[in-house]
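Protein chains in written order, with the numbering used here: chain A, 1 to 443; chain B, 1 to 359; chain C, 1 to 566.
In structure tokens:
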């Protein structure tokens, strides 16, 4: 074949392919943070039921997905937004990026799970599955390191788990954001942060992706991970030596599905949402690779016996998640976590280690001076950098929420973040020093 | 292959420069129909450039090139119908010999059958009938050249150009191919121009030769004219070996007398050259050496010298002589049993006035 | 070379120029522009000030430098002994070393990283064994260490190959005279051999530095985000396309690439003596002494083990039922391959399609630019070469950011699809990024071809275009093919631009698919299977092209053209 012909055929292929992209009349675009196992199953099921329809899946992390919907030009929005974090939907809704879908709600779905409404009261997004947050651990890892099985978040603060825990960052993972919010709401702002700081101080890593945590637990890099339930349940169902529990201080919140405003193919988007809520669509959630909690109570009858059923009282969630509160401080929580934990993890871990060691040394000994130093160290290491009062300050919150920032505000914001970061670093270093001094006094 | 229509080629006032470098300057020459014409010159003289202008790979800054009377100066190379055999043969290694030869015919969209016939004929003409299926890489240098030749003449060009056709062959093959080229040209009758830096090659087979130097044509003429009547010092020096001597020419009626510190007084025959400062050229083989005590042969003027060096070249011995403070080269035929003159020996040199050329 | 500049030449040059301008110059300038303007369009350095005010950015900045530098150091430690053994000693390991030089390159580093985690990670095979036997573990894969380790193992062949060539080019007499004057052993190596081989080393080292600096996939897979490339990616995808910090990072990445290239060019310029006086390289390769033999083979075996680790790891993962907290997986299955072929044949096809088109564009452009440079006098032809080669210094992340910004909201003609969400842009990004390789290959091929071969065709009645199609291109075929394969293979395993430019799963190539699969517990197996398939495709392609080129070379050996100077 002459090169000329090769070129021609390439060009032809190019044009053909471009033409194929053009024929999207029956194309449905879903933007989601869900893994391929789940999206692939829905895609296949939906395409089988609707011949001629092509489902396009845009796989993005939750925050990247929000950015994508926001930045896509009006003529080119994806159709369906599908993710775990209800606050992500709140963000979209506040920016008028969602269309009403109240009429698509499946009447067989209960109005509430616990005290939490399954569907958005305004009808802008619907609960499609339920998700709780919990602990997942690798049984072999635990056995090899002779670790007891944890039951509650607070267990993870214990020195025995130092270096064995993994968590993701709320800025990277919507589900981690929910977990952190659940703790903050369940325990209160100050105590909540203290717990979060102590747990992360015990962590081996703050992973980049939410999946980094279950992945690390699955292959034994980490002992225990803070994860959304289906990560643990599906891994267990896929044969990994892992266990999962819901701590009592958890919340069950819906993973939602919504129609993007100005969608290119709203009819098909609505059809998909209806399908996802139908008995057939709900049943897909039971797949061992997926293992999510359906919103349709009837579906649980088809599930294996040990399947957690939030409607049957098997999962007790003490926290009634307040998504409005969560949404109002969404970026603040992410930013505090990143500046004081993710980016200063090394110093935090060092401080935690020093505090654990000092505590162990001082155990059973009376040394008020050392105890005082240790207390001071704890205070420095584990007190939140932002007070509860400040976290409710409207002006403060607005600074984080504005998406269009002028140079001044950007400077203000980066200045604040930088202050948090450097202060946290200073505090952790100082805390480690104090703890070491306290430990030295123990002899 | 049949004898082709013979066409003339004409360069008229052709000049070409690359920036400040003058490559060709006001070159005008006409090549006659059917002529075997050589472009001779040292490297950098512009001879190859002239050939490439004719082939169309270069365009002159000014001047006109005509083939068969038609101006082709601005015609694209592929529309010229002028066949060229490249110095390196430029055979395409990715094609067989037959495919190489068929190339021009395919480009001319001839019917398949005709292409086959003409390829076979061309290969037969160069004696490579059996080699069509081979790759060029599998042939010897001489065979490759024949393929290149066959490829060019297969298209029956109006003019055949040969760029240093023999330079890549070994000495023996060179002489052989020279004859073959000559015979082929006579057979086809095609106007042929070939470029060479080897004067022996040029003189031996061409009808006429143009000698170039510094982008200027120095002389055009038959090989014998160039040899016998070099137009200037450059030609005299470049074509064959020669002794050049400065002196003064004095006129004695129609006759001339050349006076120089080396030769003293040499009476010349009839000449039209004006009196005054002059230079003469004498071919080495026209000089005669004898022992100093030998009697002067009539018809020559004699001068004394010493043998400085001698080179034995087989057919003759080349002596470098010291005459006064100048050097002369003299070639003496060698015969079995003759010992010649040893270096350092004094000799007498005889100059034949009829063989002296005033420049 | 014809003196005449023809319209087709100018038109082709203009078309190539336009393509490079639109898809390379403008996007890169856009990135730089955005980094330097404030909201009202005025010049400002405030984004840079902000950048250095954010400690994460400062940290990322130093981490990127640290990782790139240490990767070069470790790659050097691995490569230098290997290169020296091959070039100076006569032993059977040379073939092994050649293999070592190719093996890592056929696997994308981020795929390798997954496997390395399983083998060298916190609870990887090696550390589990170490812990069992000796009671300690090595934090090889923790944080930045892991990135350095993976990158060094992946990219040391660049140094190895450049160094072997450089060593072979050193005139044997230089070493012999040093030996003659009494230098030997390490001293000889340090004082004579290494300085002379420096240009080759620097060229390889600069390449490693640039590659590591640009790599996005490896840090992401290893959960390291405090480096520049991941930060640029995260900034742009989560904070949004308006975030100026992403652009500032882009500017830094370009600057570092340029500095690395410039430094290597500088060193090369000053030190051309290494190859200048090249006599016949008749240096008899020495025999290994027994101790040298132990060291040489020991080193080779060690490196081979390291190099093979990711390959074996990914293969085992692709066949494993479950692999968790154990030295080896328990139970093997082919199910993951079945899953891949059932779910994602499209991705394999996409990779072949995109990389095929991109490599096709590259060789067409490469051939055209090479032709314009070597065979015409079209004005600005050298600028084309310069711009095309400059793509080498543009990190994939930066190019992708430039595309997202420049073509934001632009729609494909005749459709209402966004250009930025079309796979065509991905193909263009691939082709721009691989163009320098294809161009070098085409230039070399055309340079070797005597101009008379083309003139002969024209002389026989072939128009310019016909001569190019029938003679020039077929004769360049070896070089073109080499260029095509290089472009194709490297594009097939590229993730930096891919991760940023792929929007829909349907349009995703394998590299993206591997990354995506790896995001779920059940996807690890299929992800690894897809990785193995990608490696297989690249390996088969490399092997076939190697064979083809070798055969063509053999054919050319029998052609005498090269010996004539006109």
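Here a beta-carbon is modelled for each residue, glycine too, at the ideal position from N, C-alpha and C.
Exercise. Return the bridge partner residues of residue 31(B) from the DSSP annotation.
Key: Here residue 31(B) is taken as the residue at index 31 of the second chain, counted from 1. Paired residues: 9(B).
Quiz item: With burial defined as no fewer than 16 other Cβ atoms inside 10 Å of the residue's Cβ, what is the status of residue 116(A): buried or exposed?
Solution: Mapped onto the first chain, residue 116(A) falls at position 116. Under this definition residue 116(A) is a buried residue.
Practice problem: Compute the Euclidean distance between the alpha carbons of residue 92(A) and residue 164(A), then round it to the nearest angstrom. | Solution: Translated into the one-based positions of the first chain, residue 92(A) becomes position 92. Translated into the one-based positions of the first chain, residue 164(A) becomes position 164. Spanning the two alpha carbons is a distance of roughly 36 Å.
Quiz item: How long is the line joining the alpha carbons of residue 338(B) and residue 205(B), rounded to whole angstroms?
Solution: Position 338 of the second chain, counted from the first residue, corresponds to residue 338(B). Position 205 of the second chain, counted from the first residue, corresponds to residue 205(B). Taking the straight line from one Cα to the other gives about 34 Å.
Self-check item: Rounded separation between residue 496(C) and residue 340(A) - CA only
Solution: Here residue 496(C) is taken as the residue at index 496 of the third chain, counted from 1. Here residue 340(A) is taken as the residue at index 340 of the first chain, counted from 1. Roughly 29 Å separates the two Cα atoms.
Exercise. Please confirm if residue 22(A) has its CB atom under 8 Å from at least one CB of chain C.
Key: Here residue 22(A) is taken as the residue at index 22 of the first chain, counted from 1. For residue 22(A), the predicted structure reports a pLDDT of 44, less than 50, and the residue's modelled location is therefore unreliable. The matter cannot be settled from this model.
Practice problem: Go through its chain and collect everything with a Cβ distance to residue 158(C)'s Cβ below 6 Å, but skip five positions before and after it. | Solution: In the third chain, counting from the first residue as 1, residue 158(C) sits at position 158. Excluding sequence neighbours, residue 158(C) sits near 204, 207 and 208.
Quiz item: Are the beta-carbon atoms of residue 315(A) and residue 304(A) separated by less than 8 Å?
Solution: Sequence index remark: in the first chain, residue 315(A) carries index 315 (1-based). Sequence index remark: in the first chain, residue 304(A) carries index 304 (1-based). In this structure, residue 304(A) does not lie closer than 8 Å to residue 315(A) by Cβ.
Quiz item: Counting contacts by CB-CB distance shorter than 8 Å, is residue 88(B) in contact with chain C?
Solution: Start at 1 with the first residue of the second chain, and residue 88(B) comes out as number 88. It does; some Cβ of chain C falls within 8 Å.
Quiz item: Looking at the C-beta of residue 239(C), does it have a partner C-beta in chain B at a distance below 8 Å?
Solution: Along the third chain, one-based indexing puts residue 239(C) at 239. Chain B contact via Cβ: absent.
Quiz item: Can you tell me where the beta strand (DSSP E) with residue 127(C) in it begins and where it stops?
Solution: Counted from its first residue, the third chain places residue 127(C) at position 127. Segment 125–134 is the alpha helix (DSSP H) holding residue 127(C); no beta strand (DSSP E) there.
Quiz item: How is residue 18(C) classed by DSSP in three states: helix, strand or coil?
Solution: By 1-based counting over the third chain, the position of residue 18(C) is 18. If DSSP states are grouped into helix, strand and coil, residue 18(C) belongs with the helices.
Quiz item: Along chain A, which residues have their Cβ under 7 Å away from the Cβ of residue 520(C)?
Solution: Within the third chain, the letter at position 520 stands for residue 520(C). Under the 7 Å cutoff, chain A gives 35, 36, 37 and 211.
Quiz item: If we ignore side chains and look at the alpha-carbon of each, how far apart do residue 426(B) and residue 420(C) end up?
Solution: Nothing about residue 426(B) can be reported from this structure: the residues present for chain B run from 1 to 359 only.
Quiz item: Along chain A, which residues have their Cβ under 8 Å away from the Cβ of residue 504(C)?
Solution: To locate residue 504(C), count along the third chain from 1; it is residue 504. Those within 8 Å of residue 504(C) in chain A are 29, 56, 57 and 58.
Self-check item: Proximal residues to residue 549(C) (C-beta, below 8 Å), its chain only, five neighbours per side dropped
Solution: Stepping through the third chain from its first residue, residue 549(C) is reached at position 549. Counting only Cβ-Cβ distances below 8 Å, and skipping sequence neighbours, we find 478, 481 and 482.
Quiz item: Can you tell me where the beta strand (DSSP E) with residue 218(B) in it begins and where it stops?
Solution: Taking the second chain and counting its residues from 1, the one referred to as residue 218(B) is at position 218. Residues 216–221.
Quiz item: When DSSP labels each residue in this structure, what does residue 18(B) get in the three-state scheme?
Solution: Along the second chain, read from residue 1 onward, the residue named residue 18(B) stands at position 18. Strand.
Quiz prompt | Below-8 Å beta-carbon distance, residue 165(B) vs any chain C residue | solution = Reading the second chain from its first residue, position 165 is the one you call residue 165(B). No, its Cβ sits nowhere closer than 8 Å to a Cβ of chain C.
Quiz prompt | Option nearest residue 317(B) by Cα separation, candidates 307(B), 323(B), 325(B) and 23(B) | solution = Taking the second chain and counting its residues from 1, one reaches residue 317(B) at position 317. For the residues 307(B), 323(B), 325(B) and 23(B), the minimum Cα distance to residue 317(B) belongs to 307(B).
Quiz prompt | Through-space distance from residue 237(C) to residue 33(C), alpha-carbon basis | solution = Taking the first residue of the third chain as 1, we reach residue 33(C) at position 33. Taking the first residue of the third chain as 1, we reach residue 237(C) at position 237. So the two alpha carbons sit approximately 19 Å from each other.
Quiz prompt | Under 8 Å (Cβ pairs) to chain C, residues found in the stretch 114–144 of chain B | solution = 135, 136, 137, 138, 141 and 144
Quiz item: Using a beta-carbon distance below 8 Å, is residue 22(B) in contact with chain C?
Solution: Position 22 of the second chain holds residue 22(B). Answer no: the Cβ-Cβ gap between residue 22(B) and chain C never drops below 8 Å.
Quiz item: Are the Cβ atoms of residue 349(B) and residue 303(B) separated by less than 8 Å?
Solution: Start at 1 with the first residue of the second chain, and residue 349(B) comes out as number 349. Start at 1 with the first residue of the second chain, and residue 303(B) comes out as number 303. Contact flag set, yes.
Exercise. Excluding the 5 residues preceding and the 5 following residue 69(C) in the sequence, name in chain order all residues of the same chain whose CB lies nearer than 8 Å to its CB.
Key: In the third chain, counting from the first residue as 1, residue 69(C) sits at position 69. 209, listed in sequence order.
Practice problem: Within 10 angstroms of the Cβ of residue 281(C), are there 16 or more other Cβ atoms? Answer buried if so, exposed if not. | Solution: Counted from its first residue, the third chain places residue 281(C) at position 281. The pLDDT assigned to residue 281(C) is 45, lower than 50, so where the model puts this residue is not dependable, and the model offers no usable value.
Quiz item: If we ignore side chains and look at the alpha-carbon of each, how far apart do residue 8(B) and residue 72(B) end up?
Solution: Residue numbering aside, residue 8(B) sits at position 8 when the second chain is read from its first letter. Residue numbering aside, residue 72(B) sits at position 72 when the second chain is read from its first letter. About 13 Å.
Self-check item: Any non-hydrogen atom of the ligand GTP closer than 7 Å to residue 112(C) Cβ
Solution: Inclusion of the ligand GTP in the displayed structure is not the case, the ligand content being empty and no account of it being possible.
Quiz item: From 80(C), 351(C) and 5(C), pick the residue whose C-alpha is nearest to that of residue 186(C); which is it?
Solution: Here the question's residue 186(C) lines up with position 186 in the third chain. Considering only alpha carbons, the answer is 80(C).
Quiz item: Between the stretch 426–456 of chain C and chain B, which residues of the former have a C-beta closer than 8 Å to a C-beta of the latter?
Solution: 450, 452, 453, 455 and 456
Quiz prompt | Cβ shell of residue 96(A) (< 7 Å), same chain only, five flanking positions each side left out | solution = For the purposes of this step, residue 96(A) is taken as residue 96 along the first chain, with counting starting at 1. Here the set comprises 261.
Quiz item: Would the stretch 322–333 of chain C and the stretch 238–251 of chain A be scored as touching if the rule is three or more Cβ pairs under 8 Å?
Solution: yes
Quiz item: Rounded C-beta distance between residue 41(A) and residue 287(A)? I'm assuming under 8 Å.
Solution: Here the question's residue 41(A) lines up with position 41 in the first chain. Here the question's residue 287(A) lines up with position 287 in the first chain. Right, the Cβ-Cβ distance comes to about 6 Å (below 8 Å), so this counts as a contact.
Self-check item: Sequence ranges, alpha helix (DSSP H) only - wholly within the stretch 103–136 of chain A, length at least 4
Solution: none
Exercise. Grab the span of the alpha helix (DSSP H) containing residue 57(C) for me, first residue to last.
Key: The count along the third chain starts at 1 and reaches residue 57(C) at position 57. Where residue 57(C) is concerned, the enclosing alpha helix (DSSP H) stretches over 55–88.
Quiz item: Taking the C-alpha atoms as reference points, what is the distance between residue 148(B) and residue 468(C)?
Solution: Position 148 of the second chain holds residue 148(B). Position 468 of the third chain holds residue 468(C). For residue 148(B) and residue 468(C), the distance between alpha carbons rounds to 19 Å.
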